[in-house]
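Asker: The sequence shown finishes on residue 221 if you use my numbering, and the numbering steps up by one all the way, no holes. Where is the CB? At the ideal position from N, CA and C, for every residue including glycine.
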Amino acid sequence: MTPVDALAFVGEPPLFRPQPDAVDEVHISVTFTWDVQEGRRLRDAWAQYYPIVKIGGPAIDTGPPGEFTVGLYVKSGVTITSRGCPHKCLWCVVPKREGAIRELEIKPGWIVQDNNLLATSRSHQENVFEMLRSQRRAVSFPGGLDSRLMNDWIIDQLRSLKIEQAFFAADSKAGLENLRGVRERLSFLSRRQLRCYVLIGFGGESHEQALTRLEAVWDMG
């Protein structure tokens with residue numbers, strides 16, 4: 001999801017970089033908590049060349065994120081139409097950082113990065129799917145689709161789209177069972193179009209238990 005425009009950089013300040021008078025601020029975005037120290041090091045590195053350097057991102061506690069701005073910290077095509085999630089999974093930072101589900105103004109895009117799109121209202125979902133049908137690109141859902149919230153209407157909406165990839169999750173035994181029921185209803189999507197996030201090792205899960213769950217997901221096709 002990293003942006004690829006001329007003013008987006010990953011890592012150290014390059015040798016050939018924008019002139020300071022052409023830059024208002026430099027923003028360091030840190031996605032994962034294990035990279036916070038590296039993010040702070042990069043902040044200091046960029047501060048050698050630019051007077052205003054700020055650090056933020058999902059791994060930095062700067063308060064709940066606001067409205068989505070197209071192209072800000074993400075590549076072209078990404079859209080976020082809601083924040084938060086009603087669930088409180090022990091391994092997930094979203095409810096703590098973003099709170100309960102909050103619908104945003106819908107911005108055009110074909111890569112849907114909502115944390116839980118299916119937890120939004122029916123009217124919001126209708127507007128999102130209508131927007132997606134207007135896109136010229138195949139749609140992806142890397143933010144994930146909550147298998148617990150799938151219903152016949154949502155299945156029909158997915159069927160109406162040209163889908164590149166639809167992502168689901170099987171982070172627990174219960175999640176595995178929910179996924180199994182959804183897979184049967186998505187027979188119109190090929191193995192290539194379906195993806196699944198699988199959290200392993202959480203809560204003392206053994207290597208054997210994780211492997212069993214991974215193999216079960218693979219066997220679903």
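Since Val217 contacts Ala170 with CB under 8 angstroms, what's their CB separation in whole angstroms?
Answerer: For the purposes of this step, residue 217 is taken as the residue at position 217 of the sequence shown. For the purposes of this step, residue 170 is taken as the residue at position 170 of the sequence shown. Between Ala170 and Val217 the Cβ distance is about 5 angstroms, and since that is below 8 angstroms, they are a contact.
Asker: Taking Gly144 as the reference, give the member of Glu105, Ala119, Ala210 and Tyr49 with the closest Cα.
Answerer: Sequence index remark: in the sequence shown, residue 144 carries index 144 (1-based). Closest by alpha carbon: Ala119.
Asker: If we call anything under 8 angstroms between Cβ atoms a contact, is Tyr52 one with Glu25?
Answerer: Here residue 52 corresponds to residue number 52 of the sequence shown, with the count starting at 1. Here residue 25 corresponds to residue number 25 of the sequence shown, with the count starting at 1. The amino acid occupying residue 52 in the given sequence is Ile; Tyr does not appear at that position. Closer than 8 angstroms, so yes.
Asker: According to DSSP, what are the bridge partners of Glu103?
Answerer: Against the sequence shown, residue 103 aligns to sequence position 103. Per DSSP, Ser82.
Asker: Any contact of the stretch 100 to 113 with the stretch 27 to 37, i.e. 3+ C-beta pairs under 8 angstroms?
Answerer: no
Asker: I'd like the ranges of any alpha helix (DSSP H) spanning at least 4 consecutive residues and lying wholly in the stretch 31 to 84.
Answerer: With a minimum length of 4 residues, the continuous alpha helix (DSSP H) runs that stay inside the stretch 31 to 84 are 36 to 46.
Asker: Just to confirm before moving on: does the CB-CB distance between Val94 and Met1 stay below 8 angstroms?
Answerer: On the sequence shown, residue 94 is found 94 positions in, with the first residue counted as 1. On the sequence shown, residue 1 is found 1 positions in, with the first residue counted as 1. Against a cut-off of 8 angstroms, the Cβ pair of Met1 and Val94 comes out as no contact.
Asker: Quick one: any contact between the stretch 110 to 118 and the stretch 128 to 135, if contact means 3 or more CB pairs under 8 angstroms?
Answerer: The stretch 110 to 118 vs the stretch 128 to 135: in contact.
Asker: If you reduce the DSSP assignment to three classes, tell me which class Ile200 lands in.
Answerer: In the sequence shown, residue 200 corresponds to position 200, counting from 1. It is coil, neither helix nor strand.
Asker: Would you mind reading off the limits of the alpha helix (DSSP H) that contains Ser123?
Answerer: Residue 123 sits at position 123 when you count from the first residue of the sequence shown. It spans Arg122 to Arg133 - the alpha helix (DSSP H) in which Ser123 sits, taken as one unbroken run.
Asker: Going straight from the alpha carbon of Lys54 to that of Arg43, what length do you get?
Answerer: Your numbering for residue 54 matches position 54 in the sequence shown. Your numbering for residue 43 matches position 43 in the sequence shown. Approximately 7 angstroms between the Cα atoms of the pair.
Asker: Less than 7 angstroms between C-beta atoms, sequence neighbours within five positions excluded: which residues of the same chain meet that for Arg191?
Answerer: Here residue 191 is taken as the residue at index 191 of the sequence shown, counted from 1. The residues are Gly221.
Asker: If contacts are defined as beta-carbon pairs under 8 angstroms, then Ala47 and Glu12 qualify, I think. What distance do you get, rounded to the angstrom?
Answerer: For this step, residue 47 is matched to residue 47 along the sequence shown. For this step, residue 12 is matched to residue 12 along the sequence shown. With 8 angstroms as the limit, Ala47 and Glu12 do not qualify as a contact, their Cβ atoms being about 13 angstroms apart.
Asker: Where does the unbroken beta strand (DSSP E) through Ala169 begin, and where does it stop?
Answerer: For the purposes of this step, residue 169 is identified with residue 169 of the sequence shown, where counting begins at 1. Ile163 to Ala169 is the extent of the beta strand (DSSP E) around Ala169.
Asker: When DSSP labels each residue in this structure, what does Arg185 get in the three-state scheme?
Answerer: Your numbering for residue 185 matches position 185 in the sequence shown. Helix at Arg185.
Asker: For Leu194, name the three-state secondary structure that DSSP assigns.
Answerer: Translated into the one-based positions of the sequence shown, residue 194 becomes position 194. Leu194 carries a strand assignment under DSSP once its states are collapsed to helix, strand and coil.
Asker: In the DSSP output, what is His27 paired with across the bridge?
Answerer: Against the sequence shown, residue 27 aligns to sequence position 27. BP columns for His27 point to Lys54.
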